[in-house]
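*Asks:*
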Amino acid sequence: MKFLGLVWSNLKRKKVRTLLTLLSIFIAFILFGYLAAIRQALSQGVDVAGADRLVVRHKVSIIQPLPASYEADIEQIPGVAEAIHVNWFGGIYQDPKNFFPQFPVEPEEYLAMYPEFLLPEDQKQAWIKNRIGAVAGRATAERFGWKIGDKIPIQNSTWTRDAGQSTWDFDLVGIYDGAEQGTDTTQFLFQFDYFDEARAFGRGSVGWYVVRVEDPEEAPSVAAAIDETFQNSPAETKAETEGAFVQGFADQVGNIGAIIQAILGAVFFTILLVAGNTMAQSVRERTGELAVLKAVGFTDTQVLRLVLAEAVTVAAIGGFLGLAIAWFMISAGDPTGGLLPIFFFPPEDLVIGAVLVVGLGVATGLLPALQARRLRIADALRRL
Amino acid sequence: MFGWFSQVFALTAFSVQTIWQRKGSTAAALFGIAGVVAVLVGVLSIAEGFRRAMSASGMPDTALILRSGADTEMMSGLSRETTRIIADTEGIARDGDGALASAELFVIINLPKRSTGTDANVPLRGIEPTAFGVRSDVELVKGRPFEWGKNEVIVGVGAEREFRGLELGGSIPVGRERWNVVGIFSANGGIGESEIWTDAGVLQPAYRRGSSFQAVYAKLENPDAFQTFKDRLTTDPRVNVKVVRQTEYYQAQSTAVTQLITGLGTLIAGLMGIGAVFGALNTMYSAVSSRTREIATLRALGFGGGAIVFSVLGEALVIALVGGALGAGAAYLAFDGFRTATMNWQSFSQVAFAFDVTPALLLRGIFYAALIGLVGGLFPAIRAARMPIASALRES
Chain A
1 MKFLGLVWSN LKRKKVRTLL TLLSIFIAFI LFGYLAAIRQ ALSQGVDVAG ADRLVVRHKV
61 SIIQPLPASY EADIEQIPGV AEAIHVNWFG GIYQDPKNFF PQFPVEPEEY LAMYPEFLLP
121 EDQKQAWIKN RIGAVAGRAT AERFGWKIGD KIPIQNSTWT RDAGQSTWDF DLVGIYDGAE
181 QGTDTTQFLF QFDYFDEARA FGRGSVGWYV VRVEDPEEAP SVAAAIDETF QNSPAETKAE
241 TEGAFVQGFA DQVGNIGAII QAILGAVFFT ILLVAGNTMA QSVRERTGEL AVLKAVGFTD
301 TQVLRLVLAE AVTVAAIGGF LGLAIAWFMI SAGDPTGGLL PIFFFPPEDL VIGAVLVVGL
361 GVATGLLPAL QARRLRIADA LRRL
Chain B
1 MFGWFSQVFA LTAFSVQTIW QRKGSTAAAL FGIAGVVAVL VGVLSIAEGF RRAMSASGMP
61 DTALILRSGA DTEMMSGLSR ETTRIIADTE GIARDGDGAL ASAELFVIIN LPKRSTGTDA
121 NVPLRGIEPT AFGVRSDVEL VKGRPFEWGK NEVIVGVGAE REFRGLELGG SIPVGRERWN
181 VVGIFSANGG IGESEIWTDA GVLQPAYRRG SSFQAVYAKL ENPDAFQTFK DRLTTDPRVN
241 VKVVRQTEYY QAQSTAVTQL ITGLGTLIAG LMGIGAVFGA LNTMYSAVSS RTREIATLRA
301 LGFGGGAIVF SVLGEALVIA LVGGALGAGA AYLAFDGFRT ATMNWQSFSQ VAFAFDVTPA
361 LLLRGIFYAA LIGLVGGLFP AIRAARMPIA SALRES
């Protein structure tokens, strides 16, 4: 540590080059942050899907409704703890671009099924009591600047009300938070009873079911049992774990996500390669100085450490700064203006990033450092 | 004046010829810039290809009629009566059999992707015989048309390529039945190629839609007839519909995906561009510093400061343009025509398309490279010109 001053003055030797190398590394790690966040966003929360939850939909496609009577049938199947029904509402708030999912649900059942949706008890009670009450996730509420007590009008041309009206008015009585970073807080939830009584058609049918199984290990066999129950009925089902269901949606985006990630990955490593090359070059240029250091009594190991410390310092300053700025930029929101509901820098990737920073320093410093250690004083001084 | 130009030219030629001596750092900057351009062009070609698939679908003389308030076919619904009133409206082109208006159903069906085996929402369209008159670009490339009233389908070439069971002779499971694939069609690269088509009359009972439809596609007498046709329908008290041009409809449908890709693409390319500027700066600074004595000698011989600045800038520009051309070429080879499918969230269904590296994109990439080169060369150039001659000559 006492040679920190020496490392520092070596770095100041060519200030512009050091600064530029540092900035390249800085940019590379900002890119790394976005790479991680985009991967997370495109996987749409597979990581946080409940292992004990199944999604049961119509076999032909999810837009086909299922009979409401299936709920009781599903709950009879051994291994099933609870089943709830969900509908896709698909309404528009002010502009078609303002997309967020809206589900008519049974408040208590739904919140029990999704314990990661954190709604204060008084707001929950207010929701249950208010027939036209609705709760929104934090992300959606903040996006539109909603406050509890606001009236939220939603247009829907598919689900019109009995009177033929396409506007549905809701009282916002609660805002839920996510228990984890990846929890979807873009949903807008309202009472199924209000929806079912008011809708002009389709009563007695639901969109899909969410089922909690008693033992996550048994989930595949319970899913098979559900599908078997409704085999050869007019509405056959497809049951799968929530993880598989979400993965299925993520897969629909297809290899575009993979291509963007591959590109980003390639870029990240190219920048590192170029920066690493510059760092190694700057050590090679100083062969003579290193020989002098050895001549005045520095040991081989001390020289090795000195060179390594220099590389690690540059990598650490650039890299950690990059990771920090990436974290801030990503927290500020996604670059597409609300199209990616889940957008954050996953903590585990932050750790990987930190490891890469140190790895970069060691990798770029090691070769010149070893050369520096092996350096024979007489040879090196003669080269001057 | 002429002397000044010849100075710039001589110096630039000299710098460029000696690049080989600085090949390490030059190559780093060159590949850095090539990478930026390749990525910029590559990512934007995804958005470009998607947009092209969507825009190739629309004809300016074709109108799409949906229920008022509906933004997509999926959200729309029209009764049989309404579709008849629409077909009888003045302004629609006619052929021997009657008005060129096709009432259609638009639903999705879950089919596994060939690439991953996972389910995807494939659009399934029920059409009327007039549909082929409305869409003149549809052409059967294999097999035969489906028979009306039978459980048969024809499949777009894009859908055939992306999803299992859609090859000629294959079949799709609908409820307890299997519907046979009897033909494959192309639609001029448009979105129809991502779809499966069948008789609307067969699809209605299978999806429990009674006698209702979701949209009417109508070919108008000419593109200018749109406004009067639209006014006529929207003021008709018997129906409650909205009328859009097909071109505008598909353009609106593609915004989410193109916005997503261009948003990400621009951000990535922007960050990378900054990184490449640093790389170029580094290269040019070291080029200038390794030639300190040489530049000082030139100044002593009487070459002007301006000529020195432009020669350094010229060298940077040459490196950038070569890098940019390499990157653009690589992107063209790697991405142009690459076929894939993705989810179009607005229609909740899959769209098959090919990446499209357009000349405009290539130009944009090379322009971007030149910009990086100029910014990266400017400061080192100024430094080179400002070097005090006497002390620089003494430097080793």
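Sequence lines, in order, name chains A and B. Here the first sequence stands for residues 1 to 384, where the numbers follow our numbering. Here the second sequence stands for residues 1 to 396, where the numbers follow our numbering. Where a beta carbon is used, it is the ideal one built from N, C-alpha and C, also for glycine. Fair warning: this is a prediction, and the values are worked out from it, not measured in the lab.
Hey, could you find the ends of the beta strand (DSSP E) Gln191(A) is sitting in?
*Replies:* Run containing Gln191(A): Phe188 to Gln191, per the beta strand (DSSP E) assignment.
*Asks:* Compare the C-beta of Leu172(A) with all C-beta atoms of chain B and state if any pair is closer than 8 Å.
*Replies:* Leu172(A) does not count as touching chain B.
*Asks:* Could you check which residue in Gly270(B), Gly201(B) and Thr235(B) has the C-alpha nearest to that of Arg125(B)?
*Replies:* The shortest C-alpha separation from Arg125(B) is found at Gly201(B).
*Asks:* If contact means a Cβ-Cβ distance below 9 Å, which residues of the region 71 to 89 of chain B contact chain A?
*Replies:* Hits within the stretch, in order: Asp71, Thr72, Met74, Met75, Ser76 and Gly77.
*Asks:* Quick check on DSSP: helix, strand or coil for Leu118(A)?
*Replies:* If DSSP states are grouped into helix, strand and coil, Leu118(A) belongs with the strands.
*Asks:* Quick one: grab the DSSP three-state call for Asp177(A).
*Replies:* Of the three classes helix, strand and coil, the one that applies to Asp177(A) here is strand, per DSSP.
*Asks:* May I ask you to list, following chain order, the residues of the region 262 to 287 of chain A that have a beta carbon less than 9 Å from some beta carbon of chain B?
*Replies:* Within the region 262 to 287 of chain A, the residues whose Cβ lies closer than 9 Å to some Cβ of chain B are Ile263, Leu264, Ala266, Val267, Thr270, Ile271, Leu273, Val274, Ala275, Asn277, Thr278 and Gln281, listed in chain order.
*Asks:* So which residues on chain B does Tyr114(A) lean against when the C-beta distance must stay under 8 Å?
*Replies:* Within 8 Å Cβ-Cβ: nothing; Tyr114(A) doesn't reach chain B, min ~23 Å.
*Asks:* From this set, Ala331(B), Thr62(B), Asn240(B) and Pro380(B), which residue's C-alpha is nearest Ser286(B)'s C-alpha?
*Replies:* Looking at the Cα atoms, Pro380(B) is the closest of the given residues.
*Asks:* Chain B partners of Arg17(A), CB-CB under 8 Å?
*Replies:* Correct list: Asn282, Tyr285 and Ser286.
*Asks:* What is the residue span of the alpha helix (DSSP H) that Thr292(B) lies within?
*Replies:* Thr292 to Leu301 is the span of the alpha helix (DSSP H), which, as asked, contains Thr292(B).
*Asks:* Listed from N- to C-terminal order along the chain, which residues in the region 317 to 347 of chain B have their beta-carbon within a distance smaller than 7 Å of any beta-carbon of chain A?
*Replies:* From the region 317 to 347 of chain B, only Thr340, Ala341, Thr342 and Met343 have a Cβ closer than 7 Å to chain A.
*Asks:* Do the CB positions of Ser212(B) and Arg80(B) come within less than 8 Å of each other?
*Replies:* Result yes, Cβ atoms of Ser212(B) and Arg80(B) sit closer than 8 Å.
*Asks:* So, under 8 Å CB-CB, Gly365(A) and Val292(A) are touching, yes? Tell me the CB distance rounded to an integer number of Å.
*Replies:* Not a contact, Cβ separation roughly 20 Å.
*Asks:* Out of Trp208(A), Arg161(A), Asn130(A) and Ala239(A), which has the shortest C-alpha to C-alpha gap to Ser221(A)?
*Replies:* When only C-alpha atoms are compared, the closest one is Ala239(A).
*Asks:* Can you pull the chain A neighbours of Ala120(B), defined as C-beta to C-beta under 9 Å?
*Replies:* Near Ala120(B) (Cβ distances below 9 Å), the residues of chain A are Gly248, Asp251, Gln252 and Gly254.
*Asks:* Under a three-way DSSP split, which group does Arg53(A) fall into?
*Replies:* The answer is strand: DSSP assigns Arg53(A) an E or B state.
*Asks:* Among Asn222(B), Gln253(B), Leu363(B) and Gly149(B), whose alpha-carbon lies nearest the alpha-carbon of Leu100(B)?
*Replies:* The shortest C-alpha separation from Leu100(B) is found at Asn222(B).
*Asks:* Would you kindly report the start and end of the unbroken alpha helix (DSSP H) that includes Ala28(A)?
*Replies:* Run containing Ala28(A): Lys15 to Leu42, per the alpha helix (DSSP H) assignment.
*Asks:* Taking 8 Å as the threshold, find out whether the region 13 to 26 of chain B comes into contact with the region 277 to 293 of chain B through three or more Cβ pairs.
*Replies:* Because the criterion of three Cβ pairs below 8 Å is met, the region 13 to 26 of chain B and the region 277 to 293 of chain B touch.
*Asks:* What does the alpha-carbon distance come out to for the pair Gln102(A) and Ile271(A)?
*Replies:* Near 43 Å, if we compare the C-alpha coordinates of Ile271(A) and Gln102(A).
*Asks:* Within the same chain, show all residues whose beta-carbon is closer than 6 Å to that of Ala225(A), passing over the 5 residues directly before and after it, in chain order.
*Replies:* If we look at Ala225(A) and ignore the five residues flanking it on each side, its Cβ neighbours are Ile77.
*Asks:* Report yes if the CB atom of Val210(A) is closer than 8 Å to the CB atom of Ala219(A), and no otherwise.
*Replies:* Not in contact: Val210(A) and Ala219(A) (Cβ atoms no closer than 8 Å).
*Asks:* Thinking just about the alpha-carbon of each residue, which of Ala139(A), Glu71(A) and Val86(A) is nearest to the one in Phe195(A)?
*Replies:* The option with the nearest alpha carbon to Phe195(A) is Val86(A).
*Asks:* Does Ala384(B) have its Cβ less than 8 Å from a Cβ in chain A?
*Replies:* Closer than 8 Å: no.
*Asks:* For a contact defined as C-beta to C-beta under 8 Å, what are the partners of Ser15(B) on chain A?
*Replies:* Simply none; closest approach about 19 Å.
*Asks:* Interface residues of chain B around Ile27(A) at Cβ under 8 Å?
*Replies:* Under the 8 Å cutoff, chain B gives Leu271, Met272, Ile274, Gly275 and Phe278.
*Asks:* Would the region 341 to 357 of chain B count as touching the region 55 to 75 of chain B if we require 3 or more Cβ pairs under 8 Å?
*Replies:* Taking 8 Å as the limit for Cβ pairs, the verdict is that the region 55 to 75 of chain B does touch the region 341 to 357 of chain B.
*Asks:* Please list the terminal residues of the continuous beta strand (DSSP E) segment that includes Glu139(B).
*Replies:* Segment Glu139 to Gly143, the beta strand (DSSP E) holding Glu139(B).
*Asks:* In whole angstroms, what is the alpha-carbon distance linking Asp73(A) and Ala37(A)?
*Replies:* Those two C-alpha atoms are separated by around 41 Å.
*Asks:* Return yes when the Cβ of Tyr176(A) is within less than 8 Å of the Cβ of Gly149(A), no when it is not.
*Replies:* No.
*Asks:* Rounded C-beta distance between Val277(B) and Ala384(B)? I'm assuming under 8 Å.
*Replies:* Actually they are not in contact, since the Cβ atoms of Val277(B) and Ala384(B) sit about 18 Å apart, beyond 8 Å.
*Asks:* For the region 135 to 164 of chain B, list every residue whose C-beta sits within 8 Å of some C-beta in chain A, in sequence order.
*Replies:* The residues in question: there are none.
*Asks:* How is Ser171(B) classed by DSSP in three states: helix, strand or coil?
*Replies:* Looking at Ser171(B) - three-state DSSP - the assignment turns out to be strand.
*Asks:* For chain A, check one thing: does any of its Cβ atoms lie closer than 8 Å to the Cβ of Tyr368(B)?
*Replies:* So no, Tyr368(B) is outside the interface.
*Asks:* Can you name the residues of chain A whose CB is closer than 9 Å to the CB of Gln350(B)?
*Replies:* Ordered by position in chain A, the residues that pass the 9 Å Cβ test against Gln350(B) are Gln252 and Gly254.
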